[in-house]
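Comments concern the structure below.
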Ligand code: AR6
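Here you go:
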């Protein structure tokens, strides 16, 4: 099941388990720990006091008491010094241990705060990368719905370089849409050399293993795809790619049940974000992504930030749905995949 980044107070998230960013004595404290203890009531503190603490990089599970969850998993993250004291491995271990416990206790859903990024000072962009990479690796093997809960959006940062590259690309595309808009009206608005040089500088996708080269498709093949539905196209592309259904929906960050619905209904109309998530999972180039979207009744436009960000990643040949979601989240856009149509 998928990974979702949400902005919320973790004590309000309804799922089987929430993770606490605890200290090694499990005594409670400030930040998310304080909020969780306040919302859970004194029973949580009493249980914590019977556990004998927990080492950095490990996690321990308790009941949820008054919280809207069955369990609280207390993970002890590292203090950030300068990154040279094994902080990354300790933080990664917190995620692995918490997920292992969630699985052992039969949880179908779990929510994480960004462990160590408050009082313990871990840089948020690096901590988020570790969270996403550990959770997505876990989800390749296990069905679970995992939330990463970001509390204060202001403190949320993905790599500054990525943000500025995307922002620049958005600007360029808006300029382009603006030029096209005016030229259709005035028909006298030539694009200058600087514009073309800028456009040429936009990196192109490295070659990706595409199933069937165009020249090898017969005209009959092409004609037979004209009337195919979104679901038929998706299943054909999965076959052509030689990947399994589960590889595809996991890479798309799509819930298994939603995939089954699409598989069994040839006229299924997915949301735009679901359709794009599959195009990303299949690593389709831009023209094929547009074809696939058209089957579901959508298009990509340069007047829409969400669409431009998707186009940016496709042109960069970056088909990592979790990285794309980080960027979409940073730009306040809807995320790809999930459990809804
Ligand atoms: N929901 C979701 N995230 C939250 C919430 C909330 N209600 N409140 C804060 N955050 P921190 P740490 C975010 O300091 O760095 C405690 O005293 C916050 O914005 O809670 O691991 C413990 O007892 C930040 O991004 O945890 C430990 O002694 C993230 O949660 C120590 O702090 C983690 O911030 C642990 O420090």
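Residue numbers (this note's numbering): 666 to 1006. Glycine is no exception: its CB is placed at the ideal position from the N, C-alpha and C atoms.
Taking all protein chains in view, the Cβ of residue 915 is crowded by 16 or more other Cβ atoms within 10 Å, so the residue is classified as buried. By the beta-carbon neighbour count (other beta carbons within 10 angstroms, threshold 16), residue 671 is exposed. Rounded to the nearest angstrom, the gap between the Cα atoms of residue 835 and residue 973 is 6 Å. Cβ-Cβ distances below 6 Å link residue 962 to nothing in the same chain once the five nearest sequence neighbours on each side are left out. The ligand AR6 never approaches residue 790 closely enough for any of its heavy atoms to be under 7 Å from the residue's Cβ. Using a 10 angstroms sphere on the CB of residue 809, the tally of other CB atoms reaches 16 or more, which defines it as buried. Put simply, the backbone Cα of residue 791 is about 11 Å away from that of residue 757. Membership of residue 774 in the beta strand (DSSP E) is indicated by the continuous run 774-778.
The C-alpha of residue 759 lies about 10 Å from the C-alpha of residue 777. The segment 729-741 and the segment 762-776 touch, with three or more beta-carbon pairs separated by less than 8 Å. When 993, 930, 946 and 921 are compared, the shortest CA-CA separation from residue 903 is found for 946. In this model, residue 690 and residue 718 are separated by some 4 Å (Cα to Cα). Exclusion of residue 795 from the 7 Å shell around the ligand AR6 follows from its C-beta lying no nearer than that to any non-hydrogen atom of the ligand. The three-state reading of DSSP puts residue 928 in helix, counting H, G and I together. Taking every protein chain shown into account, the CB of residue 688 has 16 or more other CB atoms within 10 angstroms, so this residue is buried. Residue burial is scored here from C-beta neighbours: residue 729 has at least 16 other C-beta atoms within 10 angstroms and is therefore classed as buried.
Apart from the 5 residues on each side of it in sequence, residue 897 sits with its Cβ closer than 7 Å to the Cβ of 931 in its chain, given in chain order. When C-beta atoms of the segment 704-720 are compared with those of the segment 742-753, fewer than three pairs fall below 8 Å, so the two segments do not count as touching. 935 is the residue among 989, 935 and 798 whose C-alpha sits nearest the C-alpha of residue 958. Put simply, the backbone Cα of residue 754 is about 39 Å away from that of residue 953. DSSP, reduced to helix, strand and coil, places residue 715 outside both helices and strands of the structure shown, so it counts as coil. As the crow flies, the alpha-carbon of residue 951 is around 7 Å from that of residue 976.
Residue 962 has its CB no nearer than 7 Å to any heavy atom of the ligand AR6.
Taking C-beta atoms as the reference points, residue 921 and residue 900 fail to come closer than 8 Å. Comparing alpha-carbon positions, the option among 980, 788, 1002 and 684 lying closest to residue 724 turns out to be 684. Taking all protein chains shown into account, residue 925 has fewer than 16 neighbouring C-beta atoms within 10 Å of its C-beta and is therefore exposed.
Counting only the Cα atoms, residue 994 lies some 22 Å from residue 805.
Taking 3 residues as the minimum length, the beta strand (DSSP E) runs contained wholly in the segment 668-697 are 668-672 and 682-687, in order along the chain. Apart from sequence neighbours up to five positions away, the residues of its chain that approach residue 699 with a beta-carbon distance below 8 Å are 693, ordered along the chain. In chain order, 916, 917, 918, 942, 945, 946, 1001 and 1002 place their CB closer than 8 Å to the CB of residue 986, counting only its own chain and leaving out the 5 sequence neighbours on each side. For residue 811, the enclosing beta strand (DSSP E) stretches over residues 810-815. Under the DSSP assignment, residue 977 falls in the alpha helix (DSSP H) whose first and last residues are 970-981. In this structure, the straight-line span from the alpha carbon of residue 763 to that of residue 801 is close to 14 Å.
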